[in-house]
Amino acid sequence: MFEWSYSGVNVSIPGAGGTDCINYASSSQRIYETIIVFGVFSYLARWACTKISLSFVPSPDNKPVGYKQILLILHCIVFGMELGFKCASSSLIWTLNPCHVLTVIQIFLLAFPPCALVTHLFRLQMHMLNGPLLALAFPVLNTRLLPFECGIYFIQHLLLLLVPVILVDQTTVYTVEPFDDLSWVVLSLSLQVLYHFLILQPIALITGINLNNILCPAISDPFKGPHYRMVAMVHQPFLILILGKSITYFGLTWNAQLWWWQNTVLANQSQSSQKPSISTGGDLLDTWLKPEPEAKEITLNATPWCWTDLFRYQTYMVSAQTDHVYPLHKPSPVDKPTTVVD
Numbered sequence: 276m277f278e279w280s281y282s283g284v285n286v287s288i289p290g291a292g293g294t295d296c297i298n299y300a301s302s303s304q305r306i307y308e309t310i311i312v313f314g315v316f317s318y319l320a321r322w323a324c325t326k327i328s329l330s331f332v333p334s335p336d337n338k339p340v341g342y343k344q345i346l347l348i349l350h351c352i353v354f355g356m357e358l359g360f361k362c363a364s365s366s367l368i369w370t371l372n373p374c375h376v377l378t379v380i381q382i383f384l385l386a387f388p389p390c391a392l393v394t395h396l397f398r399l400q401m402h403m404l405n406g407p408l409l410a411l412a413f414p415v416l417n418t419r420l421l422p423f424e425c426g427i428y429f430i431q432h433l434l435l436l437l438v439p440v441i442l443v444d445q446t447t448v449y450t451v452e453p454f455d456d457l458s459w460v461v462l463s464l465s466l467q468v469l470y471h472f473l474i475l476q477p478i479a480l481i482t483g484i485n486l487n488n489i490l491c492p493a494i495s496d497p498f499k500g501p502h503y504r505m506v507a508m509v510h511q512p513f514l515i516l517i518l519g520k521s522i523t524y525f526g527l528t529w530n531a532q533l534w535w536w537q538n539t540v541l542a543n544q545s546q547s548s549q550k551p552s553i554s555t556g557g558d559l560l561d562t563w564l565k566p567e568p569e570a571k572e573i574t575l576n577a578t579p580w581c582w583t584d585l586f587r588y589q590t591y592m593v594s595a596q597t598d599h600v601y602p603l604h605k606p607s608p609v610d611k612p613t614t615v616v617d
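276 is the number of the first residue of the sequence shown in the numbering used here; add one for each residue after it.
So, in structure tokens, the structure goes:
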């Protein structure tokens, strides 16, 4: 029924699929691996769902809407060209690969209005970026034969890494979890693994197409071997954890400086209220790593963002009308009181 979606795939190309790829591992081995993976990562996903929470109430976004529209247009153009290549070559089945699914998620994040669902998806996709990184580090281009198809491959995966860095911002819906919170990492990892074994694997076995190397290793895989999938269950969790937190660190560092639109907003607020802007968190990145931030005045050359004390799960809401910071919970006896400078 859906042969039109994979009839153009040349399974004679190494790593694309075919009988040799299906027979790379025995049926009993696939069953054992699937049972083990399903049991372990179903438990981890259930554990993570009981731990995740939204720790932030985002304040209005001071960035212009235009920058999101530019990213959205770029993403749609590149993904549209990729879909065009797949339709032209009768290989639309490749769009089930995780990087294409991640592209759809990021397009949704850029196009959908602010809501809790956007924050949930943003935090999940922050720990799904191992795919684009591996695609750039170990590119598989032997199945891309059309003109400019290889170029679109690199542009798409670069965009997947660039968009989260630009979007991450603790004053919008694109917030990240506390640094020591691993629940989002575990949930994202579990969903990715279950997607491979429960969705991609059956489709790959039926069609004979090696979707995201679930049947046999890629030609550029440095961990080739009969147990390459179990080996991936060891090194990929570490990569996902380190990469997600590192990209978050880099993105927050990059966005810690004031841009022209933020200087304009602060200047307008200063002229209207004639009151200095206040921050209880100091430098954006320092307050993420230091559990004891001190209140201090900021100028137009400093960051205007109010950061939470991430290690104690404190949350604050910035009021644009009064330029004050309000804690959203009652301080406990062990917490230091928050100081607001008028």
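All C-beta atoms in this analysis are idealised placements derived from N, C-alpha and C, irrespective of residue type, glycine included.
Residue environment analysis places Y449 among the buried positions, since at least 16 neighbouring C-beta atoms fall within 10 angstroms of its C-beta. Distance between R398 and I484, taken at the CA atoms: about 31 Å. When DSSP states are grouped into helix, strand and coil, I311 belongs to the helix group. With fewer than three CB-CB distances shorter than 8 Å, the region 430-445 does not count as touching the region 307-321.
At a Cβ-Cβ threshold of 9 Å, G292 and L490 count as neighbours. Rounded to whole angstroms, the separation of the alpha carbons of L411 and L420 is 18 Å.
Within the model, the alpha-carbon separation for V353 versus Q400 is close to 19 Å. At a Cβ-Cβ threshold of 9 Å, V415 and S301 do not count as neighbours. In the displayed model, I484 falls within a strand according to three-state DSSP. In the three-state reduction of the DSSP assignment, G359 falls in the helix class, which pools H, G and I. Between the region 493-511 and the region 422-431, the count of C-beta pairs closer than 8 Å stays below three; the two stretches do not touch. Taking the Cα positions, S287 is about 37 Å away from A320. For a cut-off of 8 Å, the C-beta gap from T378 to Q431 is around 7 Å, short enough to register as a contact.
With distances taken between CA atoms, I382 lies nearest to C351 out of A479, I522, C351. With fewer than 16 other beta carbons inside 10 angstroms of its own, P501 counts as exposed. Pairing V468 with F316 gives a Cβ-Cβ distance under 9 Å. For Y524, the enclosing alpha helix (DSSP H) starts and ends at 503-529. Annotated three-state conformation of G292 is strand, per DSSP.
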